[in-house]
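Numbering (the working numbering), first residue to last: -11 to 400.
Yeah, the Cβ is synthetic: ideal placement off N, Cα and C, and Gly gets one too.
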(Lines of atoms letter the chains of each structure in order from A and count residues from 1; the text may use other names and numbers.)
(Lines give C-alpha, C1' and ligand atoms only; values in the text may rest on other atoms or scores of the structure.)
Protein backbone atom coordinates (compact mmCIF):
# COMPACT_ATOMS: atom_id res chain seq x y z
CA UNK A 1 0.00 0.00 0.00
CA UNK A 2 1.45 3.35 -1.04
CA UNK A 3 1.88 5.96 1.69
CA UNK A 4 0.86 9.60 1.19
CA UNK A 5 1.79 12.54 3.42
CA UNK A 6 -0.60 15.52 3.24
CA UNK A 7 0.87 18.81 4.51
CA UNK A 8 -1.34 21.88 4.95
CA UNK A 9 -1.65 24.43 7.75
CA UNK A 10 -5.45 24.13 7.48
CA UNK A 11 -6.54 21.06 9.43
CA UNK A 12 -9.80 20.84 7.49
CA UNK A 13 -7.86 20.41 4.23
CA UNK A 14 -5.69 17.70 5.78
CA UNK A 15 -8.74 15.87 7.11
CA UNK A 16 -10.67 16.12 3.86
CA UNK A 17 -7.81 14.85 1.68
CA UNK A 18 -6.95 12.15 4.19
CA UNK A 19 -10.48 10.74 4.09
CA UNK A 20 -10.65 10.87 0.31
CA UNK A 21 -7.28 9.21 -0.27
CA UNK A 22 -7.94 6.56 2.37
CA UNK A 23 -11.16 5.70 0.54
CA UNK A 24 -9.00 5.15 -2.56
CA UNK A 25 -6.85 2.62 -0.71
CA UNK A 26 -3.86 4.74 0.35
CA UNK A 27 -2.16 4.88 3.74
CA UNK A 28 -2.39 8.59 4.61
CA UNK A 29 -0.60 10.61 7.28
CA UNK A 30 -0.89 14.38 7.81
CA UNK A 31 1.10 17.34 9.10
CA UNK A 32 0.05 20.96 9.65
CA UNK A 33 3.51 22.55 9.26
CA UNK A 34 6.84 22.00 7.54
CA UNK A 35 8.79 20.92 10.62
CA UNK A 36 6.28 18.19 11.50
CA UNK A 37 6.27 17.10 7.86
CA UNK A 38 10.06 16.66 7.78
CA UNK A 39 9.96 14.71 11.03
CA UNK A 40 7.28 12.37 9.62
CA UNK A 41 9.25 11.90 6.41
CA UNK A 42 12.29 10.72 8.40
CA UNK A 43 10.28 8.17 10.37
CA UNK A 44 7.64 7.10 7.83
CA UNK A 45 9.24 7.69 4.39
CA UNK A 46 6.07 8.30 2.36
CA UNK A 47 5.97 7.63 -1.38
CA UNK A 48 4.31 10.94 -2.20
CA UNK A 49 4.00 14.25 -0.35
CA UNK A 50 1.01 16.47 -1.17
CA UNK A 51 1.92 19.86 0.28
CA UNK A 52 0.57 23.39 0.35
CA UNK A 53 2.97 26.01 -0.97
CA UNK A 54 2.08 28.78 1.49
CA UNK A 55 2.53 27.87 5.14
CA UNK A 56 3.71 29.89 8.17
CA UNK A 57 7.28 29.66 9.48
CA UNK A 58 8.62 27.18 6.91
CA UNK A 59 6.91 27.45 3.52
CA UNK A 60 6.51 24.71 0.94
CA UNK A 61 9.56 25.78 -1.08
CA UNK A 62 11.87 25.43 1.93
CA UNK A 63 10.38 22.05 2.86
CA UNK A 64 10.70 20.88 -0.75
CA UNK A 65 14.40 21.81 -0.83
CA UNK A 66 15.03 19.80 2.34
CA UNK A 67 13.09 16.80 1.02
CA UNK A 68 15.00 16.76 -2.28
CA UNK A 69 18.33 17.15 -0.47
CA UNK A 70 17.83 13.97 1.57
CA UNK A 71 15.00 11.96 0.00
CA UNK A 72 15.40 12.33 -3.75
CA UNK A 73 12.99 9.49 -4.63
CA UNK A 74 10.02 10.96 -2.75
CA UNK A 75 7.66 12.67 -5.20
CA UNK A 76 6.23 16.03 -4.10
CA UNK A 77 2.98 17.49 -5.40
CA UNK A 78 2.50 21.16 -4.54
CA UNK A 79 -0.91 22.73 -3.91
CA UNK A 80 -1.15 26.44 -4.63
CA UNK A 81 -3.58 29.30 -5.00
CA UNK A 82 -3.65 31.02 -8.39
CA UNK A 83 -1.86 34.07 -7.00
CA UNK A 84 1.26 32.03 -6.18
CA UNK A 85 1.85 30.33 -9.53
CA UNK A 86 5.29 31.98 -9.83
CA UNK A 87 6.37 30.09 -6.74
CA UNK A 88 4.80 26.95 -8.17
CA UNK A 89 7.07 27.27 -11.21
CA UNK A 90 10.01 27.71 -8.84
CA UNK A 91 8.92 24.53 -7.07
CA UNK A 92 8.95 22.61 -10.36
CA UNK A 93 12.50 23.79 -11.01
CA UNK A 94 13.50 22.52 -7.57
CA UNK A 95 12.18 19.05 -8.36
CA UNK A 96 8.48 19.02 -7.48
CA UNK A 97 6.61 16.39 -9.46
CA UNK A 98 3.61 18.60 -10.20
CA UNK A 99 1.57 21.46 -8.85
CA UNK A 100 -2.20 21.75 -8.61
CA UNK A 101 -4.04 25.05 -8.46
CA UNK A 102 -6.73 25.31 -5.78
CA UNK A 103 -9.55 24.52 -5.94
CA UNK A 104 -8.89 21.28 -7.81
CA UNK A 105 -10.97 18.18 -8.45
CA UNK A 106 -10.09 15.23 -6.22
CA UNK A 107 -9.90 12.98 -9.27
CA UNK A 108 -7.25 15.30 -10.72
CA UNK A 109 -5.23 14.86 -7.53
CA UNK A 110 -5.76 11.09 -7.64
CA UNK A 111 -4.47 10.82 -11.21
CA UNK A 112 -1.46 12.95 -10.31
CA UNK A 113 -0.64 10.75 -7.30
CA UNK A 114 -0.87 7.57 -9.38
CA UNK A 115 1.57 8.98 -11.94
CA UNK A 116 3.90 10.23 -9.21
CA UNK A 117 4.01 6.74 -7.68
CA UNK A 118 4.90 5.35 -11.12
CA UNK A 119 7.74 7.87 -11.37
CA UNK A 120 9.02 6.83 -7.93
CA UNK A 121 8.95 3.16 -8.95
CA UNK A 122 11.04 4.00 -12.01
CA UNK A 123 13.55 5.90 -9.89
CA UNK A 124 13.82 2.93 -7.51
CA UNK A 125 14.89 0.80 -10.46
CA UNK A 126 17.79 3.15 -11.17
CA UNK A 127 20.88 1.31 -10.06
CA UNK A 128 23.11 2.95 -7.50
CA UNK A 129 26.69 1.83 -6.93
CA UNK A 130 25.83 -0.39 -3.98
CA UNK A 131 22.71 -1.85 -5.57
CA UNK A 132 24.58 -2.70 -8.76
CA UNK A 133 26.79 -5.10 -6.81
CA UNK A 134 23.79 -7.31 -6.18
CA UNK A 135 22.30 -7.34 -9.66
CA UNK A 136 23.95 -6.03 -12.78
CA UNK A 137 22.75 -8.80 -15.07
CA UNK A 138 19.82 -6.95 -16.63
CA UNK A 139 19.82 -3.77 -18.67
CA UNK A 140 18.79 -0.79 -16.56
CA UNK A 141 18.49 2.96 -16.84
CA UNK A 142 21.26 4.46 -14.72
CA UNK A 143 21.54 8.05 -13.57
CA UNK A 144 20.32 10.47 -10.91
CA UNK A 145 21.22 13.77 -12.54
CA UNK A 146 18.46 16.38 -12.72
CA UNK A 147 18.09 15.73 -16.44
CA UNK A 148 17.44 12.04 -15.79
CA UNK A 149 15.11 12.77 -12.88
CA UNK A 150 13.05 14.84 -15.31
CA UNK A 151 13.02 11.87 -17.72
CA UNK A 152 11.71 9.58 -14.96
CA UNK A 153 8.89 12.02 -14.25
CA UNK A 154 7.97 12.07 -17.93
CA UNK A 155 7.95 8.28 -18.03
CA UNK A 156 5.77 8.17 -14.92
CA UNK A 157 3.24 10.50 -16.52
CA UNK A 158 3.19 8.92 -19.97
CA UNK A 159 3.51 5.21 -19.22
CA UNK A 160 0.00 4.58 -17.79
CA UNK A 161 -1.65 6.14 -20.85
CA UNK A 162 -1.94 4.60 -24.31
CA UNK A 163 -0.61 7.63 -26.18
CA UNK A 164 2.12 7.32 -28.78
CA UNK A 165 5.53 8.49 -27.60
CA UNK A 166 8.46 9.82 -29.61
CA UNK A 167 11.88 9.52 -27.98
CA UNK A 168 14.50 11.89 -29.40
CA UNK A 169 18.18 11.36 -28.73
CA UNK A 170 21.58 10.66 -30.21
CA UNK A 171 22.78 7.16 -31.08
CA UNK A 172 23.93 5.27 -28.01
CA UNK A 173 22.05 7.48 -25.54
CA UNK A 174 19.73 4.67 -24.40
CA UNK A 175 16.46 5.26 -26.25
CA UNK A 176 15.44 1.60 -26.18
CA UNK A 177 15.91 1.46 -22.40
CA UNK A 178 13.51 4.39 -22.07
CA UNK A 179 11.00 2.61 -24.32
CA UNK A 180 11.25 -0.55 -22.23
CA UNK A 181 10.75 1.44 -19.02
CA UNK A 182 7.60 2.99 -20.48
CA UNK A 183 6.35 -0.47 -21.43
CA UNK A 184 7.22 -1.96 -18.05
CA UNK A 185 5.14 0.68 -16.25
CA UNK A 186 2.22 0.65 -18.68
CA UNK A 187 -1.12 -1.12 -18.58
CA UNK A 188 0.27 -3.47 -21.25
CA UNK A 189 3.21 -4.68 -19.17
CA UNK A 190 1.77 -8.21 -19.06
CA UNK A 191 1.57 -8.31 -22.86
CA UNK A 192 4.51 -8.78 -25.28
CA UNK A 193 7.05 -6.09 -26.21
CA UNK A 194 8.95 -5.95 -29.50
CA UNK A 195 11.81 -3.66 -30.53
CA UNK A 196 12.52 -3.17 -34.24
CA UNK A 197 15.33 -1.06 -35.69
CA UNK A 198 13.96 0.44 -38.90
CA UNK A 199 17.44 1.41 -40.10
CA UNK A 200 18.81 -2.14 -40.00
CA UNK A 201 16.07 -3.86 -42.05
CA UNK A 202 15.52 -3.37 -45.82
CA UNK A 203 12.20 -1.72 -46.74
CA UNK A 204 10.57 -4.79 -48.32
CA UNK A 205 11.57 -7.02 -45.41
CA UNK A 206 10.42 -4.44 -42.84
CA UNK A 207 7.04 -4.17 -44.57
CA UNK A 208 6.47 -7.93 -44.50
CA UNK A 209 7.70 -8.09 -40.89
CA UNK A 210 5.24 -5.46 -39.70
CA UNK A 211 2.19 -6.23 -41.83
CA UNK A 212 2.67 -9.88 -42.81
CA UNK A 213 1.83 -11.34 -46.21
CA UNK A 214 -0.50 -13.77 -47.95
CA UNK A 215 0.64 -16.86 -49.80
CA UNK A 216 1.73 -15.90 -53.31
CA UNK A 217 2.12 -12.20 -52.47
CA UNK A 218 5.60 -12.26 -54.03
CA UNK A 219 8.14 -14.74 -55.33
CA UNK A 220 9.07 -17.07 -52.50
CA UNK A 221 5.92 -16.40 -50.44
CA UNK A 222 4.93 -20.07 -50.26
CA UNK A 223 2.79 -19.64 -47.16
CA UNK A 224 0.85 -16.99 -45.26
CA UNK A 225 2.81 -15.10 -42.62
CA UNK A 226 1.38 -13.17 -39.67
CA UNK A 227 2.92 -9.71 -39.26
CA UNK A 228 4.07 -8.11 -36.02
CA UNK A 229 1.10 -5.72 -35.81
CA UNK A 230 -1.16 -8.77 -35.82
CA UNK A 231 1.07 -10.93 -33.64
CA UNK A 232 1.59 -8.24 -30.99
CA UNK A 233 -2.06 -7.20 -30.73
CA UNK A 234 -2.65 -5.59 -27.29
CA UNK A 235 1.12 -5.40 -26.80
CA UNK A 236 3.74 -2.72 -27.45
CA UNK A 237 5.98 -2.23 -30.48
CA UNK A 238 9.03 0.03 -30.32
CA UNK A 239 10.11 1.34 -33.72
CA UNK A 240 13.65 2.62 -33.33
CA UNK A 241 15.15 4.98 -35.94
CA UNK A 242 11.71 5.82 -37.33
CA UNK A 243 13.37 8.55 -39.40
CA UNK A 244 14.82 5.84 -41.66
CA UNK A 245 11.39 4.45 -42.58
CA UNK A 246 10.39 4.91 -46.24
CA UNK A 247 7.49 7.19 -47.21
CA UNK A 248 5.55 4.13 -48.41
CA UNK A 249 5.76 2.47 -45.00
CA UNK A 250 5.10 5.79 -43.26
CA UNK A 251 1.71 5.97 -45.00
CA UNK A 252 0.82 2.45 -43.86
CA UNK A 253 1.98 3.16 -40.31
CA UNK A 254 -0.14 6.32 -40.25
CA UNK A 255 -3.22 4.25 -41.02
CA UNK A 256 -2.45 1.88 -38.15
CA UNK A 257 -2.15 4.85 -35.81
CA UNK A 258 -5.34 6.50 -37.09
CA UNK A 259 -7.77 3.60 -36.97
CA UNK A 260 -5.79 0.46 -36.15
CA UNK A 261 -6.36 -1.15 -39.56
CA UNK A 262 -4.10 -2.67 -42.23
CA UNK A 263 -3.90 -5.41 -44.85
CA UNK A 264 -1.28 -8.09 -45.25
CA UNK A 265 0.88 -7.83 -48.37
CA UNK A 266 -1.04 -9.39 -51.25
CA UNK A 267 -4.25 -9.50 -49.21
CA UNK A 268 -7.61 -7.76 -49.42
CA UNK A 269 -8.98 -8.48 -45.94
CA UNK A 270 -8.80 -5.47 -43.62
CA UNK A 271 -7.41 -6.49 -40.23
CA UNK A 272 -7.60 -4.70 -36.87
CA UNK A 273 -4.88 -4.32 -34.28
CA UNK A 274 -4.72 -2.75 -30.84
CA UNK A 275 -1.02 -2.10 -30.35
CA UNK A 276 0.78 0.71 -28.56
CA UNK A 277 3.52 2.25 -30.68
CA UNK A 278 6.60 3.93 -29.23
CA UNK A 279 9.10 5.41 -31.67
CA UNK A 280 12.57 6.92 -31.51
CA UNK A 281 15.01 8.68 -33.80
CA UNK A 282 18.36 10.45 -33.79
CA UNK A 283 17.37 12.54 -36.79
CA UNK A 284 15.98 16.07 -37.08
CA UNK A 285 12.44 15.17 -38.13
CA UNK A 286 11.43 18.79 -38.73
CA UNK A 287 14.20 19.16 -41.31
CA UNK A 288 13.15 15.88 -42.94
CA UNK A 289 9.57 17.16 -43.22
CA UNK A 290 10.80 20.30 -45.00
CA UNK A 291 12.71 18.14 -47.48
CA UNK A 292 9.72 15.86 -48.09
CA UNK A 293 11.42 12.87 -46.47
CA UNK A 294 8.98 12.46 -43.58
CA UNK A 295 5.21 12.82 -43.47
CA UNK A 296 4.08 15.76 -41.37
CA UNK A 297 0.75 14.08 -40.52
CA UNK A 298 2.60 11.01 -39.24
CA UNK A 299 4.92 13.19 -37.17
CA UNK A 300 1.97 14.78 -35.37
CA UNK A 301 0.57 11.31 -34.66
CA UNK A 302 3.87 10.09 -33.27
CA UNK A 303 4.84 12.97 -31.01
CA UNK A 304 1.76 13.19 -28.80
CA UNK A 305 4.35 12.88 -26.03
CA UNK A 306 7.99 13.69 -26.81
CA UNK A 307 10.86 12.68 -24.54
CA UNK A 308 14.21 14.34 -25.20
CA UNK A 309 16.95 12.01 -23.96
CA UNK A 310 20.08 14.04 -23.19
CA UNK A 311 23.49 12.98 -24.54
CA UNK A 312 26.00 11.74 -21.98
CA UNK A 313 28.11 14.91 -22.31
CA UNK A 314 25.14 16.86 -20.87
CA UNK A 315 24.82 14.64 -17.80
CA UNK A 316 28.41 13.89 -16.87
CA UNK A 317 27.49 13.69 -13.19
CA UNK A 318 26.01 10.26 -14.05
CA UNK A 319 29.30 8.87 -15.36
CA UNK A 320 30.49 7.67 -11.93
CA UNK A 321 27.33 5.65 -11.42
CA UNK A 322 27.30 4.36 -14.98
CA UNK A 323 30.92 3.24 -14.67
CA UNK A 324 30.13 1.38 -11.44
CA UNK A 325 27.16 -0.31 -13.08
CA UNK A 326 29.18 -1.45 -16.12
CA UNK A 327 32.02 -2.71 -13.90
CA UNK A 328 29.61 -4.91 -11.98
CA UNK A 329 27.93 -6.04 -15.20
CA UNK A 330 31.19 -7.18 -16.80
CA UNK A 331 32.57 -8.61 -13.58
CA UNK A 332 29.79 -11.18 -13.91
CA UNK A 333 29.99 -11.53 -17.67
CA UNK A 334 33.75 -11.99 -18.10
CA UNK A 335 34.64 -13.32 -14.65
CA UNK A 336 36.56 -10.32 -13.33
CA UNK A 337 36.77 -8.90 -9.80
CA UNK A 338 37.33 -5.23 -10.51
CA UNK A 339 36.34 -3.15 -7.47
CA UNK A 340 36.03 0.26 -9.12
CA UNK A 341 37.94 3.06 -10.82
CA UNK A 342 40.48 5.52 -9.45
CA UNK A 343 39.64 9.19 -8.89
CA UNK A 344 42.05 10.14 -11.69
CA UNK A 345 40.31 7.72 -14.06
CA UNK A 346 36.91 9.14 -13.18
CA UNK A 347 38.17 12.65 -13.91
CA UNK A 348 39.41 11.43 -17.29
CA UNK A 349 36.08 9.80 -18.10
CA UNK A 350 34.19 12.94 -17.10
CA UNK A 351 36.41 15.03 -19.37
CA UNK A 352 35.81 12.92 -22.48
CA UNK A 353 33.24 14.23 -25.02
CA UNK A 354 31.50 10.83 -25.47
CA UNK A 355 30.28 11.25 -29.03
CA UNK A 356 29.02 7.65 -28.81
CA UNK A 357 27.21 8.36 -25.53
CA UNK A 358 26.46 5.60 -23.00
CA UNK A 359 27.20 2.88 -25.55
CA UNK A 360 30.73 4.25 -26.01
CA UNK A 361 31.25 4.47 -22.24
CA UNK A 362 30.15 0.86 -21.81
CA UNK A 363 32.50 -0.29 -24.56
CA UNK A 364 35.36 1.68 -22.99
CA UNK A 365 34.78 0.18 -19.52
CA UNK A 366 34.51 -3.34 -20.95
CA UNK A 367 37.73 -2.97 -22.95
CA UNK A 368 39.60 -1.56 -19.94
CA UNK A 369 38.47 -4.50 -17.81
CA UNK A 370 39.63 -7.02 -20.41
CA UNK A 371 43.14 -5.59 -20.76
CA UNK A 372 43.80 -4.35 -17.19
CA UNK A 373 44.48 -6.76 -14.34
CA UNK A 374 44.41 -4.39 -11.34
CA UNK A 375 41.63 -4.22 -8.73
CA UNK A 376 40.90 -0.62 -9.69
CA UNK A 377 40.88 0.72 -13.24
CA UNK A 378 43.72 3.25 -13.33
CA UNK A 379 44.15 6.09 -15.80
CA UNK A 380 46.52 3.91 -17.84
CA UNK A 381 43.60 1.59 -18.60
CA UNK A 382 41.96 4.42 -20.53
CA UNK A 383 44.91 5.66 -22.60
CA UNK A 384 43.01 5.09 -25.84
CA UNK A 385 40.50 7.77 -24.80
CA UNK A 386 43.10 10.50 -25.29
CA UNK A 387 43.98 9.12 -28.73
CA UNK A 388 40.29 8.88 -29.65
CA UNK A 389 39.66 12.46 -28.51
CA UNK A 390 42.56 13.83 -30.56
CA UNK A 391 41.30 11.87 -33.57
CA UNK A 392 37.78 13.29 -33.19
CA UNK A 393 39.06 16.83 -32.69
CA UNK A 394 41.29 16.54 -35.77
CA UNK A 395 38.33 15.23 -37.76
CA UNK A 396 36.16 18.12 -36.56
CA UNK A 397 38.90 20.57 -37.59
CA UNK A 398 39.19 18.94 -41.01
CA UNK A 399 35.44 19.10 -41.57
CA UNK A 400 35.40 22.77 -40.54
CA UNK A 401 38.29 23.54 -42.91
CA UNK A 402 36.52 21.82 -45.81
CA UNK A 403 33.32 23.74 -45.01
CA UNK A 404 35.25 27.03 -44.96
CA UNK A 405 36.87 26.22 -48.30
CA UNK A 406 33.52 25.34 -49.84
CA UNK A 407 32.00 28.58 -48.56
CA UNK A 408 34.87 30.60 -50.01
CA UNK A 409 34.45 28.89 -53.38
CA UNK A 410 30.71 29.64 -53.39
CA UNK A 411 31.30 33.24 -52.31
CA UNK A 412 34.01 33.67 -54.92
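Could you tell me the distance, in whole angstroms, from the CA atom of residue i to the CA atom of residue j?
i	j	result
residue 244	residue 219	14 Å
residue 369	residue 359	8 Å
residue 124	residue 193	For residue 124, the pLDDT reaches just 44, beneath the cut-off of 50, and the residue's location in the model is therefore unreliable, leaving the point undetermined.
residue 187	residue 98	41 Å
residue 235	residue 198	15 Å
residue 266	residue 227	6 Å
residue 180	residue -4	43 Å
residue 365	residue 350	14 Å
residue 403	residue 318	Residue 403 is absent from the structure shown; the chain starts at -11 and stops at 400.
residue 79	residue 334	33 Å
residue 304	residue 338	6 Å
residue 258	residue 238	18 Å
residue 68	residue 37	14 Å
residue 146	residue 171	10 Å
residue 75	residue 46	14 Å
residue 290	residue 274	13 Å
residue 24	residue 51	10 Å
residue 367	residue 332	6 Å
residue 22	residue 325	46 Å
residue 255	residue 191	18 Å
residue 121	residue 313	Since pLDDT at residue 121 reaches only 45, below the 50 mark, its modelled position is unreliable, and the value read off the structure follows with that caveat. Rounded to the nearest angstrom, the two C-alpha atoms are 8 Å apart.
residue 134	residue 252	45 Å
residue 148	residue 106	8 Å
residue 353	residue 60	28 Å
Would you mind giving the Cβ-Cβ distance between residue i and residue j, rounded to the nearest angstrom? I have them listed as a contact below 8 Å.
i	j	result
residue 203	residue 212	5 Å
residue 65	residue 100	6 Å
residue 155	residue 167	6 Å
residue 49	residue 82	7 Å
Please classify residue i as buried or exposed, where buried requires at least 16 neighbouring CB atoms within 10 angstroms.
i	result
residue -11	exposed
residue 157	buried
residue 214	exposed
residue 411	Look at the range of the chain in this structure, -11 to 400, and you will see that residue 411 is not part of it.
residue 57	exposed
residue 322	exposed
residue 163	buried
residue 224	buried
residue 402	Nothing about residue 402 can be reported from this structure: the residues present for the chain run from -11 to 400 only.
residue 174	buried
residue 206	exposed
residue 232	buried
residue 247	exposed
residue 401	In the structure as shown, the chain begins at -11 and stops at 400. Residue 401 is therefore absent and cannot be evaluated.
residue 92	exposed
residue 44	exposed
residue 128	buried
residue 108	buried
In this structure, does DSSP put residue i in helix, strand or coil?
i	result
residue 5	helix
residue 270	coil
residue 136	helix
residue 285	helix
residue 178	coil
residue -2	coil
residue 151	coil
residue 86	strand
residue 213	strand
residue 62	coil
residue 264	strand
residue 367	helix
residue 232	helix
residue 95	helix
Going by C-alpha to C-alpha distance, which of the options sits closest to residue i?
i	options	result
residue 263	153, 80, 76, 48	153
residue 287	269, 253, 302	269
residue 341	301, 31, 149	301
residue 346	135, 76, 106, 161	161
residue 20	14, 39, 127	39
residue 54	27, 240, 44, 320	27
residue 142	217, 63, 13	63
residue 201	14, 229, 169, 250	250
residue -9	182, 282, 34	34
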